[in-house]
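Novice: Questions regarding the structure given below will be posed in turn.
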């Protein structure tokens, strides 16, 4: 009998340890000292695969049993274009007064969000909003979908939230009291303003450099930064809030196009930044193939719904990110110093996105300011570091230019020194020649009879030989009239007569 009792006790313990999927989540108890609540552990959910179940059926006992507790994790059900997700949230107010509360959805990509809350008459009040609805339908003019409702005093208020979207069905759920929700606006928008200001400064600065240098790298950087910033504008809901508040379709299609163009321009920028066409031909072909896929994705995203064309878009990102990081490591190991900025920038983005997803999608780390803005801060740092990488590239080009100029000046100096040496040598030759010519201007010892000259070595030389050795003069030999008459008297008159006949100047002198 005791053994049987032990078996029964063991079975009871085992049954109590099993998860109670049909139980509701624990109600949220409002605390007067708190102004906001994370509802990750205080909701139960039900997935309607038929998309035809209404509130009346949801309130029935059969459907109530199908609700599953969240398990303390944020809502993330993936892409559910043909399904509807119902959330059930219980809020307990132990105070004697009703309290005005605001439910904020932490994402701007929910197409339709419908809130059902029991009013004072015992009937459910219905409110609807989402990125496929005008901003004027929201209780507060805020970038995220939000609902304002009252929690009854001294009791439990149950609300139901119906969610539909063509995008990924994921969102955080935060409950605020009305005053604290409004009070957080300035701080929130100041932080977002700093985030987008960093993007705009980087875009216009590098755009100015592009117009100055006409370097394609700067143009691709600007296009990537602009596309990435546009994607964040859509994800943050700022486009719908400030640019097209009454045209919600632009929010849906614009986000998809910004996503594909961001992938396109970051691939082209990475390829051009490392000059893969010259330095890595195989990587160049891979980048061009990914870019072609991104162009095709951009075109198809304009015509097909996300559910019909999500795989190629994901494939482009899944391929491009590892290839870009591999390229950064490869060129860093090859000695490209500017690759360190590029690689650190991308690793920061991946780290920020990982922190955000661990909080938002998996609930593995506590929700905080850091986890909410980790991806944005990393994206901002990436844009700054990539701009520094481009600046480092300019520094490298300037150093190469200075080195080339130094080599040119060195060659010019060597040429000048060679010319100076040649000029000096030629000058010495001329000075030597002039010295020798000057020697002929002094007193020359010459024989009065034979007309020979005594040289420096005390030898007697013919006049012609001496002058030839001491100057560049040359000689031609003839005979003067006096010597002609003396040596050849018989022919002298005849020769002199012929010279006078052919010399007009002598004729004039004769006459």
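Numbering (mature numbering (1 follows the signal peptide of the UniProt record, and there is no 0)), first residue to last: -22 to -1, 1 to 489. Note that the Cβ used here is the ideal one computed from N, Cα and C, for glycine as well.
Give me the residue from 89, 372, 216 with the minimum Cα distance to residue 192.
Specialist: For the residues 89, 372, 216, the minimum Cα distance to residue 192 belongs to 372.
Novice: Would residue 295 and residue 241 qualify as a contact pair, given that the criterion is a beta-carbon distance under 8 Å?
Specialist: yes
Novice: Along the chain, where does the beta strand (DSSP E) that runs through residue 56 open and close?
Specialist: 53 to 57
Novice: Locate the alpha helix (DSSP H) running through residue 26, then write down its first and last residues.
Specialist: No alpha helix (DSSP H) holds residue 26; the beta strand (DSSP E) holding it covers 21 to 26.
Novice: Applying the criterion that 16 or more other CB atoms from any shown protein chain within 10 Å of the CB defines a buried residue, is residue 72 buried or exposed?
Specialist: exposed
Novice: For residue 79, which of helix, strand or coil comes out of DSSP?
Specialist: strand
Novice: Taking buried to mean at least 16 other C-beta atoms within 10 Å of its own C-beta, is residue 515 buried or exposed?
Specialist: This structure does not reach residue 515, given that the chain is present from -22 up to 489, and the question cannot be answered.
Novice: Given this structure, state the Cα-to-Cα distance separating residue 94 from residue 53, to the nearest angstrom.
Specialist: Residue 94 and residue 53: Cα-Cα distance of roughly 18 Å.
Novice: Distance, Cα to Cα, residue 224 vs residue 114?
Specialist: 8 Å
Novice: What does DSSP give as the partner residue(s) for residue 101 in the beta ladder?
Specialist: Paired residues: none, contrary to the question.
Novice: Find out if the Cβ-Cβ distance for the pair residue 309, residue 262 is shorter than 8 Å.
Specialist: no
Novice: So, helix, strand or coil for residue 140, using DSSP?
Specialist: strand
Novice: How many whole angstroms separate the CB atoms of residue 233 and residue 212, which I take to be in contact at a CB cut-off of 8 Å?
Specialist: 4 Å
Novice: Contact between the stretch 40 to 55 and the stretch 173 to 187 is defined here as three or more beta-carbon pairs at a separation below 8 Å; is this criterion met?
Specialist: Because the criterion of three Cβ pairs below 8 Å is not met, the stretch 40 to 55 and the stretch 173 to 187 do not touch.
Novice: Measure from the alpha carbon of residue 131 to the alpha carbon of each residue in 235, 10, 299, then state which is nearest.
Specialist: 10
Novice: Assuming residue 104 contacts residue 85 (C-beta within less than 8 Å), just tell me the rounded distance between them.
Specialist: Between residue 85 and residue 104 the Cβ distance is about 21 Å, and since that is not below 8 Å, they are no contact.
Novice: Judging by CA-CA distance, which residue of 457, 220, 151, 4 is the nearest neighbour of residue 47?
Specialist: 4
Novice: In three-state terms, what does DSSP make of residue 370?
Specialist: helix
Novice: Specify the secondary structure class of residue 154 as computed by DSSP and reduced to three states.
Specialist: strand
Novice: Please classify residue 425 as buried or exposed, where buried requires at least 16 neighbouring CB atoms within 10 angstroms.
Specialist: exposed
Novice: When you compare only the Cα positions, how much space is there between residue 244 and residue 32?
Specialist: 45 Å
Novice: As a quick exercise: from 464, 136, 350, pick the residue whose alpha carbon is nearest that of residue 333.
Specialist: 350
Novice: Quick one: what does DSSP say residue 382 is sitting in, helix, strand or coil?
Specialist: If DSSP states are grouped into helix, strand and coil, residue 382 belongs with the helices.
Novice: Compare the C-alpha of residue 28 against each of 61, 7, 35 and name the closest.
Specialist: 61
Novice: Considering only residues of the same chain and omitting the five flanking positions on each side of residue 239, which have a CB-CB separation below 7 Å?
Specialist: 205, 276
Novice: Whose CA, out of 63, 147, 42, 36, lies closest to the CA of residue 88?
Specialist: 147
Novice: So, helix, strand or coil for residue 15, using DSSP?
Specialist: Residue 15 falls in the strand class under three-state DSSP.
Novice: Report the residue from 460, 126, 77, 112 whose alpha carbon sits nearest the alpha carbon of residue 83.
Specialist: For residue 83, the closest of 460, 126, 77, 112 by C-alpha to C-alpha distance is 126.
Novice: Looking at the unbroken alpha helix (DSSP H) that takes in residue 282, where does it start and where does it end?
Specialist: Counting along the chain, residue 282 falls outside any alpha helix (DSSP H), and DSSP gives it neither H nor E.
Novice: CB-CB under 7 Å to residue -2, same chain, minus the five flanking residues each way: which ones, in chain order?
Specialist: Low per-residue confidence applies at residue -2: pLDDT is 42, beneath 50, and the placement is therefore not dependable, though the value from the model is reported in the following sentence. Excluding residues within five positions, the ones whose Cβ falls inside 7 Å are 46.
Novice: Tell me whether residue 34 is buried or exposed, calling it buried when 16 or more other Cβ atoms sit within 10 Å of its Cβ.
Specialist: exposed
Novice: At the level of alpha carbons, what is the spacing between residue 299 and residue 210?
Specialist: 18 Å
Novice: Using only the alpha-carbon positions, how far apart do residue 250 and residue 41 sit?
Specialist: 57 Å
Novice: Locate the beta strand (DSSP E) running through residue 177, then write down its first and last residues.
Specialist: Element bounds for residue 177: not the beta strand (DSSP E) but the alpha helix (DSSP H), 163 to 191.
Novice: I'd like the span of the alpha helix (DSSP H) that includes residue 309, first residue to last.
Specialist: 289 to 311
Novice: Kindly identify the DSSP beta-bridge partner or partners of residue 129.
Specialist: 77
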